[in-house]
Amino acid sequence: MKFTTIRLKYIFIAAVIIATMQGKSYAGGFPVRPRSLLLSPSVNYFFANKGWDSLRRLSPFASGGQFKSVSYSLYAEYGISKRFTAVASLPYVMNVYKDSTGYNSQTNGLTDLELGIRYYLFNIDYIYYLTIQGTFITPMYTNNINLGYGQQGAELKASFAGSGKVLGKNYYFNVENGVRQYFGSSGPLQDRYTVTAGITLDKHFKHQISASLGGFYSTSSLASGYDPSHAAANKNFAFNQVSLSYGYSITKRMALFLSAGTFINGRNTGKGSSGSGSIIIRPF
103 MKFTTIRLKY
113 IFIAAVIIAT
123 MQGKSYAGGF
133 PVRPRSLLLS
143 PSVNYFFANK
153 GWDSLRRLSP
163 FASGGQFKSV
173 SYSLYAEYGI
183 SKRFTAVASL
193 PYVMNVYKDS
203 TGYNSQTNGL
213 TDLELGIRYY
223 LFNIDYIYYL
233 TIQGTFITPM
243 YTNNINLGYG
253 QQGAELKASF
263 AGSGKVLGKN
273 YYFNVENGVR
283 QYFGSSGPLQ
293 DRYTVTAGIT
303 LDKHFKHQIS
313 ASLGGFYSTS
323 SLASGYDPSH
333 AAANKNFAFN
343 QVSLSYGYSI
353 TKRMALFLSA
363 GTFINGRNTG
373 KGSSGSGSII
383 IRPF
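Start counting the sequence shown at 103; every next residue gets the next number (this note's numbering).
In structure tokens, the structure reads:
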């Protein structure tokens, strides 16, 4: 039972990260015009039935355990001025863990609300953009270790994005790295990165494909000697993942994105796969 509880925590953290990053990656480091709004509702499905332990050894979950998660997320970004935008993100998750012994755990609820300010430091010929973003994190739940740490936190993130042409195709890229600290005596320090590159497939910019490589590292003062019977104390894990996405511009103000991804290595986390869908809407 302890193994199951620990795995549930690790995999859930990963599932929420994927859902949250999914919505943000489409806006990336490119600016949103002043007094313009970008909205991105998304849904993500995550599944895992095996994982890596603290020594990065891969094995199936005990008793044929399986973890499934469906996450809904809403991301919003509003242009305040040429250099500043306001961003917000809120996920809602539905998690199920069950095994052959009849154990069945289900958790539903809002997770962490993220509110931030993005500042565009400079651009090069309006092609390449460097930005920084400060984000405040606060839980939308109480006393539920399966929805997160239950602690407030803050993140500082830098992004570098650009676009151009190669072999007659329009390309774009976005590189992000963020350092996050949850407050409290044992709040974890986390680092996450994402590198995304994509190309448009037609001259009307209707179709595009992209590939991403992302990683996550988390550590806290509980790096050793933590009590495995308390899932909220399991704050030390790492993983890397790859994903592919397809985008279709329905109109000038609306686009659809479909993605699939998988974890390629990790420590104290599940080896999971995911599929997601997002809509980008620019109402004004």
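Ideal placement from N, C-alpha and C gives every residue a C-beta, glycine not left out.
Owing to the predicted nature of the structure, the values given are computational and were not obtained by experimental measurement.
What ranges does the alpha helix (DSSP H) occupy inside the segment 168-251, keeping only unbroken runs of at least 4 residues that lie completely in it? none
Per DSSP, the bridge partner or partners of H309: Y350
C-beta contact flag for L202 and S161 at 9 Å: The residue asked about is misnamed: residue 202 is Ser in this sequence, not Leu. No. Outside cutoff.
Would you report the Cα separation of Y174 and A313, rounded to the nearest angstrom? 22 Å
Would you kindly work out how many angstroms separate the C-alpha atoms of R369 and K308, rounded to a whole number? 39 Å
So what does K267 bridge to, in DSSP terms? N272
Who pairs with R384 in a beta bridge, going by DSSP? DSSP output for R384 lists no bridge partner at all.
S165 in three-state terms, based on DSSP: helix
With a threshold of 8 Å, are at least 3 pairs of Cβ atoms found where one atom belongs to the segment 170-186 and the other to the segment 131-148? yes
Starting from the Cα of Q343, find the closest Cα among R220, G374, S191, L360 and give me that residue. G374
Would A263 and Y295 qualify as a contact pair, given that the criterion is a beta-carbon distance under 9 Å? no
Which residues DSSP lists as bridging L140, in chain order: E179
9 Å Cβ cutoff met for G236 and A188: no
Would G372 be called buried (16 or more neighbouring beta carbons within 10 Å of its own) or exposed? buried
S207 versus R185: straight-line alpha-carbon distance, rounded: 46 Å
Check K337 in the structure and name its three-state DSSP category. coil
L360 classed as buried or exposed, judged by whether at least 16 other C-beta atoms fall within 10 angstroms: exposed
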